[in-house]
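The block underneath contains the structure these notes are about, expressed in structure tokens.
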Amino acid sequence: MSATTEPSAARDPAPDGKPNPLFRNLSAKFASIPMIITALVVFVGGTIWTIVYSFTNSKLLPRTNFVGFDQYERLWSTRRWMVSIENLAIYGICSLILTLVIGFTLAALLDRKIRFENTFRTIFLYPFALSFIVTGLTWQWILNPDFGLQNVVRNWGWESFTFNPLNDPDTVIYGILIAGIWQGSGLIMCIMLAGLRGIDEDIWKAARVDGIGTVKTYLRIILPMMRPVIITSLVLIASGIIKLYDLVVAQTNGGPGIASEVPAKYVINYMFRAQNLGQGFAASTMMLLSVIIILIPWAYLEFGGRKRG
Amino acid sequence: MATVSVKDLVLNFGAVKVLRDLNLNIPTGEFLVLLGASGSGKSTLLNCIAGLLDVTDGQIFIDDKNVTWSEPKDRGIGMVFQSYALYPQMTVKGNLSFGLKNAKLPKAEIEKRIERAASVLQIEPLLDRKPSALSGGQRQRVAIGRALVRDVDVFLFDEPLSNLDAKLRADLRVEIKRLHQRLKNTMIYVTHDQVEAMTLADRIAVMSQGIILQLDTPNVIYNRPANKYVAGFIGSPEMNFLDGSLSGAKADIFETDDKKIKLSGYTFSEQNRSSAQSAILGVRPEQVAVNDHAEAMPVTESVEVELVEPMGADTLVWSTFAKQPFRFRMEGTAIVSPGDKVKIGFDPAKASLFDTDTELRL
Amino acid sequence: MADTILNPVAEARGPRPKKAFSRANIFIYGTLLLVSVYYLLPLYVMIVTSFKGMPEIRLGNVFGPPLEPTFQPWVKAWAEACTGINCDGLSRGFSNSVKILIPSVTLSILIASVNGYALANWKFKGSETFFTILIIGAFIPYQTMLYPIVIMLREIKLMGSIWGLVLVHTVFGMPILTLLFRNYFTSIPDELFKAARVDGAGFWGIYFKIMLPMSLPIIVVAIILQVTGIWNDFLFGVIYTKPDTYPMTVQLNNIVNSVQGVKEYNVNMAATLLTGLVPLVIYFISGKLFVRGIAAGAVKG
Amino acid sequence: MYLKRILTALAVSAALPAASHATELEVTHWWTSGGEAAAVAELAKAFDASGDKWVDGAIAGSGGTARPIIISRILGGDPMGATQLNHGRQAEELIEAGLLLDLTDVAEKEGWKDIVNPPSLLESCTLDGRIYCAPINIHSWQWIWLSNAAYEKAGVPVPTNWEEFTAAAPKLEEAGIVPLAMGKQGWQQNGAFGVMVVAIAGVDAWKKVNVEKDAEVARGPEYAKVFEAAVNAREFAKDSNVQDWNQATNMVITGKAGGQIMGDWAQGEFQVAGQVAGEDYTCLPGLGDNEILDTAGDAFYFPKVDDPETTEAQKRLASLIISKDVQVAFNLKKGSLPIRGDVDLSSANDCMQKGLKILADGGIMPSGDQNLTPDTQTQIEDLMAEFWSGDMSAEDAQSRYADIIERAE
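Protein chains in written order, with this note's numbering: chain U, 939 to 1247; chain R, 35 to 396; chain G, 71 to 371; chain H, 45 to 453.
Right, here's the structure in full:
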């Protein structure tokens, strides 16, 4: 089973001898070198590099002047970091749930053999093509009380209408959520739609015969069948949440005050604006650590535990 | 022409033992059927022989050559799959020639072989079509053709007929049998369908849980199953099993309920048996004689009909014998209905006796 | 089965509501239209703003249609806006963006598809571990990797060249793309792969002759994800190349992100829409293929 | 005859630019908006005219965007020829790592020490007696911009100092006008706070805290007054619902807000809106209380390269930046003040003239950039952002501020 490109002598071991497993399927291993390098050198290597320098007091340039856990102590006593984490938790949970719910609902509606399906799908998907820099700005305008939505509704005669999420520290993260979901839910909708198309039509017939209502069929029968779709969606949504940065910068720049700060922004601000690499690395190490704690058991179950054959 | 033999084959998927110490010798030109329920390891064994799975331990020989670690293409095999596995983007001709091109055969030779295979399988008109434009039966012919053109000594079939409907299945079954008669290749055929196994095989290997339970001719397998599993697996409707015990000095009397059945004429196996041990007597429904025919049988009984299943050529009747469920077969023309009394009889010489604990044939 | 992979159902599968004006229909279309407003509102704002003059924008109503429509912002965004001393707008970076996009998309898809194929069909000891690391890598914010990558590129002498950038895009696109290709190839019946092995095709033979020709739908998905990501990328483009190869987004950033001085919102909007055109066009062209591809790549496995 | 003349002409024209120097120099900067770009164009024009070639590498967005790019390029061993940075402590480490070109020989030859005014500008380019950057302009934070129309509408005279501004605020509110426009970003809020410190607590207290890092002064009564004033200002700005500074400026331009504390770059917005200093808007340096300007600004640094020709070109650009003509041309376009006092800027507008006069009179102080590390500044900005957007008391804010100063390096 070794590679076709190998000379046959190399693959003809002693009659009874078992070949060295390292050299079996050599082509596959050879072809995986870019992946292995990326995984080990870039991701693991880069991460270790980051972790090592998080124990230094590097400022503008990485330097090996170790200071122990100083950066971490400072990190956890910084209010902005705590606010960032809290925001990420709120945004993350809401975004995860809402994106999945909206994505699935829209996909289910589009799956009802409707007209103009292509048009609707494109409408929901197009935000994905636009860069964050300006979508953040546009949403900032729309949510601006003085010339955005609130103003328009008041001009319609509803004088007491108040919708000003971006200028209230308690609600600003939800204002960002509105834009985040707008940008990302279309892709999830597409993935969900594709998942629905993969469901056997007989399921629908069976549900109909059993007299199960449409909504209930979707929730109780179809949804559990879409596990792989939901997992792909989760990876996409969750990786986007962790990286949430550009949108916040464009929409609120962390404001009002520090009310809409997020961890990625903390990391980047401290690395490049405050020129305190050590602090930035400490923060990104914490982010990475939490990702790994959440992800490794799941990834092991999902990708590592199964055997094919 | 080639022999295939498997020696002490072990295959584990992690902690799961899929094949355990398998040994198998297939002489040249034999049609061997690997028969078993799903999960029995029969397809796994075939994949090991083909070289598509790495074995954990043991050796595989084809034509006396150790091929345990050779590439599939170097083993001199052709293989036909359940889902046909035709390359969807290639025409039929492309499918047939793919392996030959990989083997860098001269063009003329490729053409010749395709022509021959196509004429054998009567697929000449399909050569330029894509697989998606073929019916299931046609696809499977092409898949067989793909093995055929390789001009190899060993054919491997992995449930090739399972995806076809009943009629096509019967047709192709006959065709495969003809093919074997004509080519006289060694063929290893995996199926869970006992009819295919019985009709095609020179020998059948019944597998369960990664071991071969019995390897013998269809006739022996049917008439003298080596254990209760094989007895139950082969034959439709399933064999009747009567629980009881042995008695008599020679332990040749089977007692069940209040019945004492003298096993006269029964060929005992070499297994030790003792008087008073518990045992199971297996009687095939088709070996039960009814009414007039029953009179001549050593064991007779009058039973009440409980359920009737007419099957056209014959009728299956459910009743109770020695307080245990008992089925037997009647002429298709027989008219019986539940509640009727029927006289039945069977010959213990043709029955099968198993040890209750080991389930082995006694 | 093989042919269902090639032609997965892309048509709507739910039961068709019966009457045109049934209550269910009104609900469905009503909801869709309402949601469409949410999705289209920003686009509307962008478009009307891009046709307004600056004085009108200062007046404030973002939803008002342009009173004196002008194409000037579009012209300016494309051909006149200054980035530094070069006043030729987005047009300057367009060809650079294309030059970066094509090799990046090609290489990243090629490598990710080989990865996915190896992971699906040629598992070896440790392959799943590498894959798990890759998936976790998808969660690392790019910015934290800037310096390590600068150092790596410096060591392999690709810093500042377009190939360095292509490499970076390939690396950061790898996790998600590999996941998609792996799922897709896993969904292709194993027997097809086995048949090809028996037919004597090796690792590359099966990849090029059997797997790749069957992968069109998932390649479309990969193209869409990569084109969107790479076309909109600014950070890598500007760090790992030089001014004469800067992509279009550098100009977009310069137009949009100027910290001091006047913000020309109309030009910003026009520039954004212009920049977004390439991915948008690809969405429209791919249409149903996209859903079909995702159906095959994300659904199974 | 003719032939000879032509040949001579050819020889001269060929020899002139090519033989001496014609080097491409990539210059990174974040001057991308209209006025800024025009100013850079002046610089580029002058550089090209001298025979070299300016390759423009504009990247918008100073702190967060441009800096990682600049540092990465320098670290990656493939640097640009020259780059803009805020002068001050930001480049210290690059210098220490030996990544930046030493300009001392150029500076000594041309006598920068005698030219550059105020001298603090050159001092912040200096490390261990060596000079590493060429300052190009001065920007000052110490301004408040007032809308004449807004005060007219409220029926009060345009204030001339912070006390009048505070007194007039309730009247503005009655007239539906936001007294103080303030973008909700830390750097704006911190900047405004710094201006208030200088105006209210005075330069000495400011210096004690920012230069000497004296936390006791930061805890002291002078700063307490500033924090109380800041609480007032926060109240004035509570209806200011904008993020960007220029949106805030726009509130002043349109008369929706009474005033804005912002650096001299805000002037550009007024100009673009067609407003005239003194008529439509009023500018008060040092909030009208303490007419003094800080001397923040920009400077060019030159990463070290192996190629000697490029090094020469870098030095040529450095001396060009300091030169009189470029200083005039550049700063007129940019709206900033020149780094030398011996140039004629009579064509500058009203507010700029005010600034020039203050500079000439020596009303100057160093900028925060020159004294605090970016790390400390960021922490203060974060604190300010929190303070201005919430309801933090003056006492709490002051004690946290003092803590940061105490830890500052």
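Every residue gets a Cβ at the ideal spot worked out from N, C-alpha and C, and that includes glycine.
Just so it is clear, the structure is predicted and the values come from calculations on it, not from any experiment.
Practice item. Return the bridge partner residues of H:V345 from the DSSP annotation. Key: Within the fourth sequence, residue 345 of chain H is the residue found at index 301, counting from 1. At residue 345 of chain H the sequence reads Tyr, which differs from the Val that was named. H:Y345 pairs with H:T127, H:C177.
Review point. Given that G:I232 touches chain H, what residues does it touch there, using C-beta distances under 9 Å?
Key: Here residue 232 of chain G refers to the residue found at position 162 of the third sequence. Neighbours of G:I232 on chain H: none; closest Cβ ~13 Å, over 9 Å.
Exercise for review: Determine, using beta carbons only, whether U:Y1208 comes closer than 9 Å to chain H.
Suggested key: The residue you call residue 1208 of chain U lines up with position 270 of the first sequence. Interface residue, yes.
Check your understanding: In or out: R:R216 buried (at least 16 other Cβ within 10 Å) or exposed?
Key -> Start at 1 with the first residue of the second sequence, and residue 216 of chain R comes out as number 182. Classification of R:R216: exposed, given that the 10 Å Cβ count is below 16.
Check your understanding: Are the C-beta of H:F344 and some C-beta of chain U separated by less than 9 Å?
Key -> Looking up residue 344 of chain H in the fourth sequence gives position 300. Cβ-Cβ to chain U under 9 Å: no for H:F344.
Review point. Between R:F37 and R:S74, what straight-line distance do the alpha-carbon atoms span, to the nearest angstrom?
Key: Along the second sequence, one-based indexing puts residue 37 of chain R at 3. Along the second sequence, one-based indexing puts residue 74 of chain R at 40. Phe is not the amino acid found at residue 37 of chain R; the sequence shown has Thr there. Going from the Cα of R:T37 to the Cα of R:S74 covers about 24 Å.
Review point. How many Å lie between H:N276 and H:W189 at the Cα?
Key: By one-based count along the fourth sequence, residue 276 of chain H stands at place 232. By one-based count along the fourth sequence, residue 189 of chain H stands at place 145. Approximately 18 Å, taken between the alpha carbons.
**Study point:** With 16 other Cβ atoms within 10 Å as the buried cut-off, status of G:F141
**Key:** Locating residue 141 of chain G in the third sequence gives position 71, where the first residue counts as 1. Flag for G:F141 reads exposed.
Practice item. Determine the closest residue to H:A310 out of H:E217, H:C177, H:M226, H:E154, with distance taken between C-alpha atoms. Key: Looking up residue 310 of chain H in the fourth sequence gives position 266. Put simply, of H:E217, H:C177, H:M226, H:E154 the residue whose alpha carbon is nearest the alpha carbon of H:A310 is H:M226.
Review point. For R:R54, does the three-state DSSP call read helix, strand or coil?
Key: Taking the second sequence and counting its residues from 1, the one referred to as residue 54 of chain R is at position 20. R:R54 falls in the strand class under three-state DSSP.
Check your understanding: For U:A952, which of helix, strand or coil comes out of DSSP?
Key -> As a working note, residue 952 of chain U is residue 14 in the first sequence. Confidence in U:A952 is poor, its pLDDT being 44 and thus under 50, which makes the residue's placement unreliable; the coordinate value appears in the next sentence. If DSSP states are grouped into helix, strand and coil, U:A952 belongs with coil.
Review point. Are the beta-carbon atoms belonging to H:E137 and U:L998 less than 9 Å from one another?
Key: Counting from 1 along the fourth sequence, the entry for residue 137 of chain H is found at position 93. Counting from 1 along the first sequence, the entry for residue 998 of chain U is found at position 60. Cβ atoms of H:E137 and U:L998: closer than 9 Å.
Review point. At a Cβ threshold of 9 Å, is H:G120 touching chain G?
Key: Position 76 of the fourth sequence, counting from 1, holds the residue named residue 120 of chain H. Chain G has a Cβ within less than 9 Å of the Cβ of H:G120.
Exercise for review: Compare the Cα-Cα distances from U:N1093 to each of G:P125, G:G134, G:S356, G:F354 and report the closest residue.
Suggested key: Locating residue 1093 of chain U in the first sequence gives position 155, counting from the first residue. The closest CA to that of U:N1093, considering only G:P125, G:G134, G:S356, G:F354, is found on G:G134.
Review point. How about U:G1030 and U:A1188: are their beta carbons less than 9 Å apart?
Key: Numbered from 1 along the first sequence, position 92 holds the residue referred to as residue 1030 of chain U. Numbered from 1 along the first sequence, position 250 holds the residue referred to as residue 1188 of chain U. No, the Cβ-Cβ distance between U:G1030 and U:A1188 is not below 9 Å.
Check your understanding: Can you tell me the Cα-Cα spacing of R:D292 and U:P1166, whole angstroms?
Key -> Residue 292 of chain R sits at position 258 when you count from the first residue of the second sequence. Residue 1166 of chain U sits at position 228 when you count from the first residue of the first sequence. Roughly 60 Å separates the two Cα atoms.
Point to revise | Start and end residues, alpha helix (DSSP H) containing G:I285 | key: Position 215 of the third sequence, counted from the start, is the residue given in the question as residue 285 of chain G. First, the residue type needs correcting, since residue 285 of chain G is Ser and not Ile in the sequence shown. That residue, G:S285, is in no alpha helix (DSSP H); it is neither H nor E in DSSP.
Exercise for review: Given a cut-off of 9 Å, decide if G:I293 and G:I352 are closer than it, judged by their beta-carbon atoms.
Suggested key: In the third sequence, counting from the first residue as 1, residue 352 of chain G sits at position 282. In the third sequence, counting from the first residue as 1, residue 293 of chain G sits at position 223. Result yes, Cβ atoms of G:I352 and G:I293 sit closer than 9 Å.
Practice item. Starting from the C-beta of G:V369, find all residues in its chain whose C-beta is less than 7 Å away, skip the five residues before and the five after it, and write them out in chain order. Key: The sequence position of residue 369 of chain G within the third sequence is 299, counting from 1. Legend: pLDDT at G:V369 = 48, less than 50; position of this residue unreliable, no value from coordinates given.
Check your understanding: Does the beta carbon of U:D1148 sit closer than 9 Å to a beta carbon anywhere in chain H?
Key -> Position 210 of the first sequence holds residue 1148 of chain U. Judged by the 9 Å Cβ criterion, U:D1148 is not in contact with chain H.
Exercise for review: Determine, using beta carbons only, whether U:N1082 comes closer than 9 Å to chain G.
Suggested key: Here residue 1082 of chain U is taken as the residue at index 144 of the first sequence, counted from 1. Yes, because at least one Cβ of chain G sits closer than 9 Å to the Cβ of U:N1082.
Exercise for review: Would you please verify whether the beta carbon of U:T943 is less than 9 Å from any beta carbon of chain H?
Suggested key: As a first step, residue 943 of chain U must be located in the first sequence, where it is residue number 5. Bear in mind that the predicted position of U:T943 carries a pLDDT of just 37, short of 50, making it unreliable; the figure below should be weighed with that in mind. Not closer than 9 Å to any Cβ of chain H, the Cβ of U:T943 fails to qualify, so no.
Check your understanding: Between the stretch 96 to 113 of chain R and chain G, which residues of the former have CB atoms less than 9 Å from a CB of the latter, in chain order?
Key -> E105, P106, K107, D108, R109, I111, G112, M113
Point to revise | Inter-residue Cα distance where the pair is G:V115 and U:V1072 | key: As a working note, residue 115 of chain G is residue 45 in the third sequence. As a working note, residue 1072 of chain U is residue 134 in the first sequence. If you draw a straight line from the Cα of G:V115 to the Cα of U:V1072, it comes to about 11 Å.
**Study point:** beta strand (DSSP E) runs wholly inside the stretch 92 to 173 of chain H, at least 3 long, in chain order
**Key:** Secondary structure within the stretch 92 to 173 of chain H: the beta strand (DSSP E) runs of 3 or more consecutive residues, fully enclosed, are 97 to 102, 126 to 130 (chain order).
Review point. What does R:S279 pair with, by DSSP beta-bridge criteria?
Key: Position 245 of the second sequence, counting from 1, holds the residue named residue 279 of chain R. According to DSSP, which records beta bridges pairwise, R:S279 is partnered with R:E289, R:S312.
Exercise for review: Select from H:V202, H:E70, H:K157, H:N192 the residue whose C-alpha is nearest the C-alpha of H:Q128.
Suggested key: If you number the fourth sequence from 1, residue 128 of chain H lands on position 84. Out of H:V202, H:E70, H:K157, H:N192, H:E70 has the C-alpha closest to the C-alpha of H:Q128.
Review point. Which residues in chain H sit within 8 Å of U:T1190, going by Cβ to Cβ distance?
Key: Translated into positions along the first sequence, residue 1190 of chain U becomes position 252. Ordered by position in chain H, the residues that pass the 8 Å Cβ test against U:T1190 are K228, Q287.
**Study point:** CB contact flag (U:L1239, U:S1123, <9 Å)
**Key:** Along the first sequence, one-based indexing puts residue 1239 of chain U at 301. Along the first sequence, one-based indexing puts residue 1123 of chain U at 185. No, these two residues do not count as a Cβ contact at 9 Å.
Practice item. Could you tell me the distance, in whole angstroms, from the CA atom of R:S117 to the CA atom of R:D192? Key: Reading the second sequence from its first residue, position 83 is the one you call residue 117 of chain R. Reading the second sequence from its first residue, position 158 is the one you call residue 192 of chain R. Computed Cα separation, rounded: 9 Å.
Review point. Got a sec: which bits of the stretch 1062 to 1089 of chain U sit with their beta carbon under 9 Å from any beta carbon on chain G, in order along the chain?
Key: F1062, L1063, Y1064, P1065, F1066, A1067, L1068, S1069, F1070, I1071, V1072, T1073, L1075, T1076, W1077, W1079, I1080, N1082, D1084, F1085, G1086, L1087, N1089
Exercise for review: Using a cut-off of 9 Å between C-beta atoms, extract the partners of G:P264 located in chain R.
Suggested key: Here residue 264 of chain G corresponds to residue number 194 of the third sequence, with the count starting at 1. Here residue 264 of chain G is Lys; the residue named in the question, Pro, does not match the sequence. What G:K264 touches in chain R: N81, A84, L86, P106, M113, F115, A119, D192.
Exercise for review: Let me know the secondary structure DSSP gives R:I238 once reduced to three states.
Suggested key: Position 204 of the second sequence, counting from 1, holds the residue named residue 238 of chain R. In this structure, R:I238 counts as strand in the three-state DSSP scheme.
Check your understanding: R:Y263 lies in the alpha helix (DSSP H); which residues open and close that run?
Key -> Here residue 263 of chain R refers to the residue found at position 229 when the second sequence is read from its first residue. Its alpha helix (DSSP H) spans residues 262 to 267.
Exercise for review: For the alpha helix (DSSP H) containing H:I305, list its first residue and its last residue.
Suggested key: Position 261 of the fourth sequence holds residue 305 of chain H. From DSSP, H:I305 is part of no alpha helix (DSSP H) but of the beta strand (DSSP E) over 301 to 305.
Exercise for review: Tell me where the beta strand (DSSP E) around H:E68 begins and ends.
Suggested key: Walking along the fourth sequence from the start, residue 68 of chain H turns up at place 24. Where H:E68 is concerned, the enclosing beta strand (DSSP E) stretches over 68 to 73.
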